[in-house]
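Residue numbers (the working numbering), protein chains in the order written: chain A, 22 to 182; chain B, 43 to 253; chain C, 2 to 380.
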């Protein structure tokens, strides 16, 4: 299937989806957070079998998190960025571990760095960080430089003395 | 060939001279025997056989395979890789240390037996380097463990690494590379610094409440 | 004493135990750890414990200018750093909608294939190292240095090159470099037959690798295994062909595939791709425009702004699909960059399934054949 056919098919089944073409082999689909599992299941049925990356973007000005599911098909050679926005004050979304086993690890990763809850994933334990008690570090309001200076010592000032 | 032989005789000569000087001290007094002379004899032999722990913490590890294998071959200086910390003398901190690996490096360093030396690679263990504003990379290794030698470069080339090893050998012979003694003497201070970042009980910033 | 032994035997306390495989373990490549529950000699459960190399790149790039990041990102993947520069540069070029000069495309291809060869050579040495065949390590790493010397001549650095930049490459090829490269490639091709005798036709290695953790096609797709490991199962997919970048669309090459998907197939797949890389370098040298610009005129790096948008760019690395997802909000700094490391899926996810039922001594070999590289998923 070409890009046009796929995007038309998505539009047919999910009239609310916002489709944006990025280039010849890539486009993004923005859907509501309730629709994320139906959309991904639909894409998986038309041979989008590889979940390349699951990540999040912190749109702090709009007070929203954007979850990005990046799927790829080995037969159509198309990359689709499926996105859903959730409220930043109550960051919860349904987990997709029933569709992809591998999502368990990606969601654990995103949970650690953004503090987003994935309902249904029981493996949201600490992963990369050691004894982390502060704000999740990838949030935009977490100041990495201030944290580093506070915890590991300000080196620049000491050097000037 | 000739050069090699000449080098051999030279090494032999220094060996004899040092050895005799060591024996002189041995005879002079019992104190010297314990504190100085015996140590100097030991140091002379220690520097000739150093076992490097097979544990690489960061990017600098990439230049160790060339250093170990045929092109630069560090074994000609008497340095070889060793698998367990308990039988190793050298700990290489090859680059930045994230807080998670700092914990493991401290364990490893404390498992190693005296005498032991720690070499820091690059600028990251000195001041954080390019990761000065990272939330997981420590800025100064010297606060948590004693550094015997720092090698400059990002990452240090194999020549620099071997030059560093040679400098360390000189330091060992002179008795200036004594990081492990410093660590013993100032153990409380080091432990306090380590605890402050490893066993944190409350968040750093007030806003930091994990959701 | 006898009482104690009987007690321990009855309790079976030492039959089942937990083993920290890494970070301080000679079989582990990289600063990374698997916490393995072992019963006797067989692995029952695996928990990856990453984070020892975590530096928070995704956060650091948000605080640096677009051009400053060029010096930061090669450090994401240490054995093959050039792919990072390429992916990052291509993200910017796609967002800006510019096309780089033809000569730059070919130079990028040559540099990438050289990096791939040096990564494969390291992979061969890892196979040698984890089977006790240290001759292989000495040979391959010694030969890799010829490539590093060329890199040093071209870019000034042995490992982190920072040569590929948005808009092309940093500078043109020096005089005499191409001739030296041809010589080196000829030499390395000659050495291949010796590697065959040493590694791939060595009965010890063949016996160890045969039947080692075979991957099925369904599992490979389901778990997101990419690159040579995917092709070793028989799926004919290569990003260089499917979503071409640099000058790959002008070059003629065929993708080899294996069928078994076990350790031996994965090793042989890498060995065959090695030849493809050599032929790609030769073709690129032949087809490269002799003169021309190697770099577009880009705006002032201090005021460099990238238009609003988002893009995911991936390349074929020696370990698989290596991609960046970049979001720009039109500012002088990236808004968000997410890294998909080439061995994220193999090392963190698939390992939990593949290692179960294996013997302890095969873990290091499994990591060597899957080419698990800790820095690219620790980020």
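Ideal Cβ placement from N, Cα and C applies to all residues, glycine included.
All values reported here derive from a predicted model rather than from experimental measurement.
*Among C:263, C:243, C:185 and C:270, the one whose alpha carbon lies nearest that of residue 220 (chain C)*: C:263
*asked:* Against chain A, with Cβ distances strictly below 8 Å, would residue 346 (chain C) count as a contact?
replied: yes
*Could you spell out the range, first to last residue, of the alpha helix (DSSP H) harbouring residue 223 (chain B)?*
221–227
*Of all the residues that make up the segment 174–197 of chain B, which are near chain A by a beta-carbon distance shorter than 8 Å?*
174, 175, 176, 177, 178, 179, 180, 181, 182 and 185
*Apply the 10 Å Cβ neighbour rule to residue 238 (chain B) and answer buried if 16 or more other Cβ atoms are within range, or exposed otherwise.*
exposed
*Cα separation between residue 25 (chain C) and residue 177 (chain C)?*
44 Å
*Measuring only between beta-carbons, confirm whether residue 162 (chain B) sits less than 8 Å from chain C.*
no
*Kindly give me the distance between the Cβ atoms of residue 185 (chain B) and residue 206 (chain B), rounded to whole angstroms, as I take these residues to be in contact under 8 Å.*
Contact flag wrong, Cβ pair sits at about 22 Å.
*Boundaries (first-last residue) of the alpha helix (DSSP H) holding residue 91 (chain C)*: 83–97
_What are the residues in the segment 64–92 of chain C lying within 8 Å of chain B by C-beta distance?_
64, 72, 73, 76, 79 and 80
*Where does residue 53 (chain B) land, buried or exposed, given buried means 16+ other C-beta within 10 angstroms?*
For residue 53 (chain B), the predicted structure reports a pLDDT of 38, less than 50, and the residue's modelled location is therefore unreliable. A value from the coordinates is still provided. Answer is exposed; the Cβ neighbour count stays below 16.
*If you count every other CB in all the chains shown that lies within 10 Å of the CB of residue 114 (chain B), and 16 or more means buried, which is it?*
buried
_Alpha-carbon spacing of residue 378 (chain C) relative to residue 241 (chain C), whole angstroms_ = 22 Å
_Selection from C:144, C:204 and C:216 that minimises the alpha carbon distance to residue 184 (chain C)_ = C:144
*Could you give the residue range of the alpha helix (DSSP H) that holds residue 367 (chain C)?*
363–371
_Start-end ranges of the beta strand (DSSP E) lying completely within the segment 149–230 of chain B, minimum 3 residues_ = 159–163 and 191–193
*Which residue spans inside the segment 100–163 of chain A form an unbroken beta strand (DSSP E) run of at least 3?*
100–108, 113–115 and 138–140
*Might you give, ordered along the chain, the residues of its own chain that have their beta carbon closer than 7 Å to the beta carbon of residue 198 (chain C), omitting 5 neighbours on each side?*
none
_Neighbour list for residue 73 (chain A) in chain C, Cβ cutoff strictly below 8 Å_ = 225, 313, 315, 322, 324 and 341
*What first and last residue would you give for the beta strand (DSSP E) that runs through residue 81 (chain A)?*
Careful: residue 81 (chain A) lies outside any beta strand (DSSP E) and carries neither H nor E.
_I believe residue 361 (chain C) touches residue 42 (chain C) by the beta-carbon criterion, under 8 Å. Please report the beta-carbon distance rounded to the nearest angstrom._
6 Å
*In chain A, which residues lie less than 7 Å from residue 95 (chain C) when you measure between Cβ atoms?*
44
*asked:* Strictly below 7 Å CB to CB, what residues from chain B border residue 56 (chain C)?
replied: 138, 140, 173, 176, 178 and 179
*asked:* Quick check on DSSP: helix, strand or coil for residue 283 (chain C)?
replied: helix
*Cβ neighbour criterion (16 or more within 10 Å) applied to residue 1 (chain C)*: The shown model of chain C, from 2 to 380, leaves out residue 1 (chain C), and the question about it has no answer.
*Under the DSSP definition of a beta bridge, which residues are partnered with residue 194 (chain C)?*
Paired residue(s): none; residue 194 (chain C) is not in a bridge.
*Would you kindly work out how many angstroms separate the C-alpha atoms of residue 295 (chain C) and residue 182 (chain C), rounded to a whole number?*
19 Å
*Taking the beta strand (DSSP E) that residue 47 (chain A) falls in, what are its first and last residues?*
47–52
_Bridge-paired residues (DSSP) for residue 323 (chain C)_ = C:316
*Within 8 Å (strictly less), CB to CB, does residue 245 (chain B) reach chain A?*
yes
*In angstroms with no decimal places, state the Cα-to-Cα distance between residue 42 (chain A) and residue 92 (chain A).*
15 Å
*Pick out whichever of C:64, C:127, C:48 and C:203 has its Cα sitting closest to the Cα of residue 336 (chain C).*
C:64
*For residue 147 (chain A) and chain B, any beta-carbon pair shorter than 8 Å?*
no
*If you draw a straight line from the alpha carbon of residue 444 (chain C) to that of residue 211 (chain B), how long is it in whole angstroms?*
Here chain C comprises residues numbered 2 to 380, so residue 444 (chain C) is not present and cannot be evaluated.
*Hey, is residue 199 (chain B) close to the ligand FMN, as in C-beta under 7 Å from one of its heavy atoms?*
By its list of ligands, the structure shown contains no ligand whatsoever, and the ligand FMN lies outside what it can speak to.
*Assumed close pair residue 135 (chain B), residue 103 (chain B) - CB separation to whole angstroms, cut-off 8 Å*: Not confirmed; about 10 Å, so no contact.
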